[in-house]
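Residue numbers (full-length UniProt numbering), protein chains in the order written: chain H, 1 to 251; chain E, 1 to 355. Backbone N, C-alpha and C fix where the C-beta goes; we use that ideal spot for every residue, glycine too. Just below is one structure, and these are the notes that go with it.
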């Protein structure tokens, strides 16, 4: 079970600083951490920096040694690239990077298992170009999971999914994280999802971290007003769970 | 019962994948057989027509055929037939990997200006007697063509690595290169003597009749050098088609992979063009046909692209000999005439998305 702590993490593109001073307490393995903030706040950059795909100051401290060099897995937002590959092939190639041409039965059975867990096995031999945006997101999740990551960075993985699928996927990821000990950082726009599925939350705005802590402590009416520019309330629903109710935007 | 049902379901994907892979391997084997037949027919045709049996006997039992037949097959027709397949394979493979790393279906040695640059380099030698590499004046034409083609390919590559340059920009740059080199070529043609003009026009039409064994060996060697390099990166090159971010997230050094691939592609595209002139269609369409047949998993796409290009040019060589009896038409002209109808049939009958 690998946890991670961010110490003064920032990122630069050339000479231009796009993210700075992200500090967190340890984000434990086995739980989900939401990364929230307005559009273009720097959430994707933070993920790329943690995954080693962007450079910058600060350090990402891991609480344990990773089993392999590629077990920090970044799942980017879907770019819509239309390779002439089936869903099955696209998941296979995610698991085969750096290995031989030969495909073992065990590798194929693992793909079957993941596609079934995400309930997209009926799409297995459809072309990527034939899929809807939501289906492509589910395939991206399968591509990430097949690599058996210890730290998984998911960039808006549910943005194109219908409500049922959003809840299903987030519930599945939470259970998987708890079962496997995987650290999951997940960029979300729906704050109710963050409240419901994520133990910790990091708020990024204008290229800097503005809050970090347990989700209930971070998602407050003051934060929603300052960062999201909305008048909103955080209230308990009839099931005793906190929900964000937005009244109006602040112009 | 539930366990049994689950067991059946979990093996379905695996079995379907194995069946798909088997079909693709069978298709590639079928293309190999077709290529062998095509090369044999290509060698049988010429001013003196031989039967397929005579050609095969000459190939496998050379001692049992007449000296004349042996000389015609081995010394005259075989270099041309093998040049057709090595050039076709090289251009198609170059086009396939250009399309892969630039994520653009229009990328090919022809559309990105590499062939036009080679044509200009050759014309410099043919018209002005200018040797870009003066140490080997006797090989001035192919060396000029090669150096110009390499320069164009490297320009495209380094432009593609600049910040803010999109794949669409690269294709536009390529088109700009085509127009630039074609304009320069036209200028040289305008200034050329009648004899030099004829030589330039003939060169730019592409011809396999310039084939010799050394040229076959060089083109074949570059091809044999490139294939294992691409094969080693088969998974990474396939992943590149999922998008740059996705490929990087899979641990691929995208920049380095693009650089290595483009360097190899430059060699693959420049060498054949410098030997046989401008052959435009194969590098663009060969990969598309391969993609429609076997998809983009490079383990299948790579051999299929090689075979599609080889088969396309070998078939074209046959057509170029048979269209007008007694004459061998320029292969660069015939390639498109043979390939386009076949390509149309594939586009309109292929229900799967091809790009």
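In the DSSP assignment, residue 48(H) falls within the unbroken alpha helix (DSSP H) covering 43 to 51. By the neighbour-count definition (other C-beta atoms within 10 Å, threshold 16), residue 240(E) is a buried residue. Beta-bridge partners assigned by DSSP to residue 248(H): 231(H). The region 167 to 195 of chain E contains no complete beta strand (DSSP E) run of 3 or more residues. The secondary-structure analysis by DSSP pairs residue 151(H) across a beta bridge with 72(H) and 183(H). Here residue 29(H) carries a coil assignment [DSSP, helix/strand/coil]. Taking residue 250(H) as reference, the option from 225(H), 236(H) and 233(H) with the minimal CA-CA separation is 225(H). Inclusion of residue 223(E) and residue 86(E) in the CB contact set at 8 Å is warranted, their separation being smaller than that value. Taking the C-beta atoms as reference points, residue 177(H) is found no nearer than 8 Å to residue 143(H).
When Cβ-Cβ separations below 8 Å define contact, residue 133(H) makes no contact with chain E. Taking the C-beta atoms as reference points, residue 197(H) is found nearer than 8 Å to residue 170(H).
In the DSSP assignment, residue 209(H) forms a beta bridge with 204(H). Residue 243(H) carries a strand assignment under DSSP once its states are collapsed to helix, strand and coil. Counting every other CB atom within 10 Å of its CB across the protein chains shown gives residue 158(E) a total below 16, marking it as exposed. In this structure the region 61 to 70 of chain E does not lie against the region 195 to 214 of chain E, because fewer than three pairs of beta carbons, one per stretch, are closer than 8 Å.
Taking a beta-carbon distance threshold of 8 Å, residue 121(H) counts as an interface residue toward chain E. Assignment of residue 249(E) by DSSP, reduced to helix, strand and coil, places it in the helix class.
Here residue 283(E) is not near residue 52(E), since their CB atoms are 8 Å or more apart. By the Cβ-count criterion, residue 14(E) is buried, with 16 or more other Cβ atoms from all chains shown falling within 10 Å of its own Cβ. In this chain, the beta strand (DSSP E) harbouring residue 7(H) covers 4 to 7. Taking C-beta atoms as the reference points, residue 75(H) and residue 155(H) count as a pair closer than 8 Å.
Residue pairing by DSSP leaves residue 92(H) without any beta bridge partner. Beta-bridge pairing by DSSP links residue 12(H) to 17(H) and 55(H).
Taking one beta carbon from each stretch, the region 145 to 157 of chain E and the region 258 to 273 of chain E have 3 or more pairs nearer than 8 Å; the two touch.
The Cβ of residue 190(E) sits no closer than 8 Å to any Cβ of chain H. Under the 8 Å criterion on CB atoms, residue 18(H) is classed as non-interfacial with respect to chain E. Proximity of the region 36 to 53 of chain H to the region 88 to 103 of chain H falls short of the contact definition, fewer than three beta-carbon pairs being nearer than 8 Å.
The beta carbons of residue 10(H) and residue 22(H) sit closer together than 8 Å. Look at the region 114 to 159 of chain E and you find these whole runs of alpha helix (DSSP H), each 4 residues long or longer: 114 to 128. In the DSSP assignment, residue 219(E) falls within the alpha helix (DSSP H) that extends over 213 to 232. Burial of residue 73(H) is indicated by the presence of at least 16 other C-beta atoms within 10 angstroms of its C-beta. In the three-state DSSP reduction, residue 162(E) falls in the coil class, being neither helix nor strand.
Beta-bridge analysis with DSSP links residue 62(H) to 4(H). The alpha carbon of residue 162(E) has as its nearest neighbour, out of 202(E), 259(E) and 311(E), the alpha carbon of 259(E). Around the beta carbon of residue 296(E), a 10 Å sphere encloses 16 or more other beta carbons of the protein chains shown; the residue is thus reported as buried. Among the CB atoms of chain H, none fall inside 8 Å of the CB of residue 317(E).
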